[in-house]
Amino acid sequence: MFAFLLCSRILTNDSKIDMVMAILVIGGRPQDQAPNPAPNWLSMRTWQDMLSLSTLSTFSNLPENFSKHESAFKSILYSSHTCREPLPGEWDSDLDSFQKLLVLRCLRADWLTHGLQDFVASQLGQNFIEPQNTVNVRNIRKCKKNVREVMKFSKKMSTISLGQGQGPSAEAMMHSAMEKGQWVFFQNCHLVHRDFRLWLTSLPSNKFPVSILQNGSKMTIEPPRGIKANLLRTYASLTDDFIISCTKVPVEKNLRLSSCLCVFSMEFTDGDLHICISQLKMFLDEYQNIPYKVLKYTAGEINYGGCVTDNWDRRCILNYCPAVLGLEHIYSPSGEYRQINTENNGYLTYFRGLPIKDWPEIFGLHVNANISFAQNEIFALLGTLVKLQPRAAASGGKSRDEVCVILILSVFEYNKLLSVISRSLSDLVKPLKGLVVMSSELELMSNSLFINAVPELWKAKAYPSLKPLASWVSDLVQRISFLQNWISDGIPAVFWISGCFFPQAFLTGTLQNFARSSSVSIDINAFDFKVMKEVVAELTERPDIGCFIHGLYLEGARWDAETGQLAESRPKELYTEMAVIWMVPVPNRKPPQSGIYVCPIYKTLTRAGTLSTTGHSTNYVTAVELPTDRTQGHWIKQGMALICALDY
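Numbering of the sequence shown is given in this note's numbering, commencing with residue 7 and proceeding in unit increments.
Pasting the structure below:
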């Protein structure tokens, strides 16, 4: 999406689009909470986004006209090509192409990526949205500098004149300078081979000279996206001789395709794939039969699994690995993705006919997974777009109940957060009134407030959250209210686990309470799980042991209250509220081997975080066992998890 960022800046400089409109793309809660006119098919999030958009004068009549053209908007929402559907009434003729993108963002954010591609193609040309396979970088400067002039800048500099036999000396000098922090000056570089190039790479650093960044040539190299692009790149580097040498070609193709089937964000490289292919060829030459167990171990546990540090991600890749290696594996029920047996050119021809957009069926995912992925991708892009806009100038006795300790810790943390918010807002008022000069920290905070984003100053003291500022404040108020009710009314019958500052500590405290009351070691205790039929309002008493928790959301599935087990998500239903779960401490518990899905709980939708000493992400809370009539592998492929807080 670099092309769209480039296009938007060009059009903004030419005053052809108003990027103030783009502020609306990050969402939030509108002040006008008009009722949803079509709750049966229109989600509350979509309606709130449309209300937010109506605060702009151009779209002020959008909510009113929505009711008049409800059927037309519904057709657009459920269309298979939403981004190219005409808007109803006068909206299609009165809005320009950029304004139509804002409406598309409200209705179907998952289709906005395709809308942006069409927008860039119409403004800059089709070649700006097609992958460029060749990058040609030339840097030619004719400049003669005396060594003495360079030595003025460094007293620790070694020089050498390149020529015959000087290669080892130059290399040794370079290694020595890197260790000692010295400078190296190579003279007579014109004597090296004409095809010689020296590439130096570095992590991003704020110490990098700004002048070099401004005057140097910038380029971006993005890895191919999607199965089609990845397969084309992989097979373009192979020869017919190599493919023919692999007598069991379908296995090799499955192995290559498996590298594209990782639904989590992992930095897999071509080297990982090439190692797998080389090992495959070696095994096929050595064994009469295909050694599936060996291939599963080398590919899943070592080559790809070695890149995976999170235990839940490892479970996912090991679930995919044995399936895609099988000769009879069906990639998609529709037959769009299938195994073929041909030469390299035949593979390339087949791959070129694959769709650009990857459909969820090849991953074993529900169709809603594609919507979630597209929404997350476009929201990240739009957040980057907004950041790139120019900045404006400018007690009695102690309780033995461990959950009470969690309450005290939570109050402590929330008070620190509220103190930072209050103090920073008070400090911000002074420069806005012209009483003091605005610092860089306050300027960043002001910019964040302007674009409806949570300031970094607040995030540093807050709980993990992906919500925009308006929704974040509303959520914070609910959390404070939850704690206030806990203090005034006593321990709640049902805990809102999402409102706890430390949900892991709360669950550990529950186990500690049981261990103390039962006079057993906490190390032998584990949770059993029971999903309740009663709703929160009907559970007025705390359980004798354990605790009731609520406030979780299912992604990748829904809870069927009638059957009491997991069920497939409904179309366009990305997240559903989970029923109340009873966490029951049990000593020496043996988990069931079937009929359940071990479901991880994450704090936010990103699921990613810093790797902790336990091998889990800091975003990870715990895992619960949910009843199901499907296999674990089915829900793993769906990416099914419980989430504490959504992003709106």
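Ideal Cβ positions, reconstructed from N, Cα and C, are used throughout, including at glycine.
- Taking a cut-off of 8 angstroms for Cβ pairs, the stretch 626-644 and the stretch 334-348 do not touch, as fewer than three such pairs fall below it.
- Closest in alpha carbon position to residue 645, among 134, 608 and 627, is 608.
- Nearest to residue 78 by C-alpha distance, out of 383, 96 and 64, is 96.
- It is roughly 19 angstroms from the alpha-carbon of residue 592 to the alpha-carbon of residue 601.
- Partner residues in the beta bridge of residue 629, as assigned by DSSP, are 606.
- Residue 553 is bridged by DSSP to 589.
- Here DSSP, grouped into helix, strand and coil, assigns residue 443 to coil.
- When secondary structure is reduced to three states using DSSP, residue 182 falls in the helix class.
- The residues 448, 451 and 452, in chain order, have a CB closer than 7 angstroms to that of residue 434 in the same chain once the five nearest residues on each side in sequence are set aside.
- A direct Cα-Cα distance of roughly 36 angstroms separates residue 446 from residue 413.
- Listed in chain order, the non-local C-beta contacts of residue 532 below 7 angstroms within the same chain comprise 592 and 595, local neighbours out to five positions each way being set aside.
- Closest by C-alpha distance to residue 130, out of 466, 91, 8 and 171, is 8.
- In terms of Cα proximity to residue 499, the closest of 539, 547 and 516 is 547.
- In the structure shown, residue 544 falls within a helical segment according to DSSP collapsed to helix, strand and coil.
- Residue 545 places its beta carbon less than 8 angstroms from that of residue 586.
- Per DSSP, residue 649 lies in no alpha helix (DSSP H); the unbroken beta strand (DSSP E) holding it starts and ends at 647-649.
- Residue 286 and residue 302 have their alpha carbons spaced roughly 11 angstroms apart.
- With three or more CB-CB distances shorter than 8 angstroms, the stretch 508-526 counts as touching the stretch 547-560.
- Taking a C-beta distance under 8 angstroms as the contact criterion, residue 516 and residue 589 qualify as a contact pair.
- Residue pairing by DSSP places residue 571 opposite 566 in a beta bridge.
- The stretch 312-323 makes no contact with the stretch 288-300, as fewer than three CB pairs between them are under 8 angstroms.
- Membership of residue 241 in the alpha helix (DSSP H) is indicated by the continuous run 232-242.
- For residue 304 and residue 624, the gap between their C-alpha atoms comes out near 28 angstroms.
- Burial is judged here by how many other beta carbons sit within 10 angstroms of a residue's own beta carbon; residue 429 has fewer than 16 and is exposed.
- A residue is called buried when at least 16 other Cβ atoms come within 10 angstroms of its Cβ; residue 483 does not meet this threshold and is exposed.
- In this model, residue 66 and residue 478 are separated by some 25 angstroms (Cα to Cα).
- In the three-state reduction of the DSSP assignment, residue 561 falls in the strand class, which pools E and B.
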